[in-house]
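Residue numbers (our numbering), protein chains in the order written: chain F, 43 to 392; chain H, 21 to 315. Where a beta carbon is used, it is the ideal one built from N, C-alpha and C, also for glycine. Just so you know, these numbers come straight off a predicted model, no measurement behind them. What follows is a set of notes on a single structure, which appears directly below.
Structure below.
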């Protein structure tokens with residue numbers, strides 16, 4: 043190989059460096075028109091990217107939305123906390139519980155109805171605090187593979203949380219683990235079924251211990267739970283009703299029941315402190331809360347939306363007034379201890 | 021010619037002091053995106069965690085003391101056990117395959133290597149989902165065995181340590197195989213002939229000539245294999261399941277689900293120390309092996 047001259051190499055390196063710098067500058071210039079939305083992939087990605095709502099947002103406001111997708115609520119908040127000092131996202135949406143934990147770390151700004159007029163249309167229950175509003179939510183459900191039920195001649199579950207304890211489900215149950223938001227809801231639900239509550243979690247933990255040996259797996263995501271219910275290695279699960287409906291739409295042979303009292307799981311949203319595009323963030327949040335977008339979410343994904351102008355909610359927002367409230371602050375404060383007990387006393391197979 | 025000089029000659033460039041211009045970008049990148057966060061992780065692990073975030077005004081060793089708690093200790097032991105089992109199996113399986121490979125013609129070697137590389141053509145998550153179709157209670161293996169009347173209740177092939185070993189072995193095996201294959205190819209055939217003319221039987225030639233001469237390559241491969249097993253994430257998460265967590269997953273969970281970065285940092289530091297400890301141990305063995313070859 044012929045030796046390459048040093049100056050030729052240097053010129054090539056300098057040229058490459060310069061072109062990278064120029065390209066980077068061009069990206070930075072276009073940023074002011076982009077709103078970065080940190081939330082789940084899944085159905086939100088489908089809404090914005092595949093179902094054309096991202097384009098509609100641009101038509102309505104002139105801004106472009108760029109989704110920053112994560113798999114779980116806590117991951118969303120972890121990503122937001124990680125950029126606390128120099129945020130790169132504008133709007134954040136996650137499960138209510140992790141959102142509140144993030145809010146404790148001071149990463150969100152107060153939301154003003156003057157800038158985001160659609161806040162006025164939200165049900166009172168949706169106004170969590172100065173920095174957080176609920177966009178929509180889901181009710182929790184018992185999901186079951188009806189083919190397995192038919193095969194085993196099991197009676198289909200009643201709308202009662204105590205059904206989770208049915209002895210024949212041993213070896214066929216999939217429940218989310220307590221270190222996830224939905225897993226906390228399982229724990230609280232079982233505590234309530236057995237006369238406890240989030241303030242008296244013991245009965246819930248005892249119920250989980252009783253169920254544990256008969257649990258196939260503790261899946262952490264919707265996709266993973268769907269997989270176990272699809273291949274028949276599990277027959278009964280606990281997840282949100284909209285996820286259950288989505289599983290059925292994807293061809294998984296599942297049905298679901300929504301037991302009473304309703305267990306509501308909220309989705310919260312807010313704006314990052316020192317967001318790179320605060321004006322765009324307000325425009326996006328206002329648009330996201332609008333009747334058009336929320337009606338679509340209710341129709342397509344079965345979300346219980348908080349905009350009171352929405353007429354096609356699967357459950358009227360007023361029904362939420364009858365649901366049992368959860369002391370979220372207490373749950374967040376007790377989480378670490380509950381997870382500890384769960385990991386040591388419930389999870390291991392003896 | 022020294023190694024460095026040979027490297028420069030191969031490049032066809034006389035760099036002189038200009039070497040730093042070329043090393044600089046990679047060095048800066050490593051400092052900025054690897055070393056700095058790593059050091060910060062270690063520093064964070066010495067601060068307490070509060071609901072308002074990391075409290076950088078106080079120092080503590082509590083995060084490290086929590087590591088000896090039975091749960092985390094159990095996870096560490098499991099991670100080591102699974103990693104060592106995969107490395108041992110890889111080493112055992114690699115010798116016959118490498119000997120066979122080195123004996124093939126050039127074209128045959130290319131194709132065979134491609135086959136062994138094929139697990140890397142598929143994304144780790146997709147691969148693990150594929151394994152669940154094979155290993156699950158209603159998977160290929162269990163359904164097959166049931167159809168043959170060999171079992172009544174399904175074998176537990178996943179959601180346990182067996183699942184992790186099965187999921188990681190095919191991909192990580194390559195990293196033991198490749199250096200061993202290269203070393204065997206480079207082995208001077210005359211040495212084996214010489215040993216045989218002096219009366220050594222084939223197994224003696226293998227044990228006393230081939231193995232000692234290829235041992236450094238084997239150990240190098242085993243070290244890479246072991247560190248990859250320790251750090252693996254997707255396959256243990258999907259095939260080990262929630263009951264069989266390994267250290268990398270617990271670190272993820274503590275950092276990203278419990279938002280406890282200080283304790284997550286302590287877990288990361290522990291993992292680094294344990295892995296480095298094993299790597300240095302293996303390197304020590306290699307160095308000793310090279311200094312005093314068997315006679």
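One thing to note: residue 359/F has its Cβ no nearer than 8 Å to the Cβ of residue 180/F. Taking the C-beta atoms as reference points, residue 187/F is found nearer than 8 Å to residue 296/F.
Take the alpha-carbon of residue 149/F and the one of residue 194/H: they are about 45 Å apart. Ranked by Cα distance from residue 69/H, the first of 278/H, 216/H and 243/H is 278/H. The DSSP assignment places no complete run of the beta strand (DSSP E) inside the stretch 315 to 361 of chain F (cut-off: 3 residues). With a cutoff of 8 Å on beta-carbon distance, residue 184/F and residue 206/F are scored as near each other.
Across the structure, residue 253/H and residue 213/H are spaced so that their CA atoms are roughly 46 Å apart. Interface criterion met: the Cβ of residue 72/H is under 8 Å from a Cβ in chain F. In this structure, the alpha-carbon of residue 217/F lies about 6 Å from that of residue 280/F. Contact with chain F is absent for residue 83/H, since none of that chain's Cβ atoms lies less than 8 Å from the residue's Cβ. Setting aside the 5 residues that flank it on each side, residue 292/F is surrounded in the same chain by 268, each with a C-beta closer than 8 Å to its C-beta; the list follows chain order.
Residues of chain H with a Cβ closer than 7 Å to the Cβ of residue 273/F are, in chain order, 156 and 158. Residues of the same chain with a CB within less than 6 Å of the CB of residue 162/F, apart from the 5 flanking positions on each side, are 155 in chain order. In the DSSP assignment, residue 268/H falls within the unbroken alpha helix (DSSP H) covering 267 to 276. With a threshold of 16 other beta carbon atoms within 10 Å, residue 308/H falls short and is exposed. Residues of chain H whose Cβ lies closer than 9 Å to the Cβ of residue 260/F are, in chain order, 261, 262 and 263.
Pairing residue 189/H with residue 260/H, the inter-Cα distance amounts to about 14 Å. Chain-order list of chain F residues neighbouring residue 163/H: empty, with the shortest C-beta distance near 11 Å, by a criterion of under 7 Å. Within the model, the alpha-carbon separation for residue 191/F versus residue 290/F is close to 15 Å. Taking each of 375/F, 318/F, 311/F and 350/F in turn and checking the Cα distance to residue 141/F, the smallest one comes out for 311/F. The beta-carbon of residue 263/F is placed no less than 8 Å from the nearest beta-carbon of chain H.
Annotation: residue 285/H to residue 198/F spans about 47 Å, alpha carbon to alpha carbon. Take residue 354/F, set aside five residues on each side of it, and the residues of its chain with a beta-carbon closer than 7 Å to its own are 337, 340 and 341, in chain order. In the structure shown, residue 252/H adopts coil according to DSSP, grouped into three states. The beta carbon of residue 308/F sits closer than 6 Å to those of 138, 176 and 179, all from its chain and outside the five residues before and after it, given in chain order. What residue 148/F touches in chain H, judged by beta-carbon distance under 9 Å, is 72 and 73, going in chain order. Using a Cβ-Cβ cut-off of 7 Å, residue 385/F is close to 91 of chain H, given in chain order. The Cβ atoms of residue 294/H and residue 185/H lie no closer than 8 Å to each other.
About 5 Å separates the beta carbons of residue 236/H and residue 306/H, which is inside the 8 Å limit, making them a contact pair. Scanning 203/F, 214/F, 249/F and 284/F for the CA closest to the CA of residue 256/F turns up 214/F.
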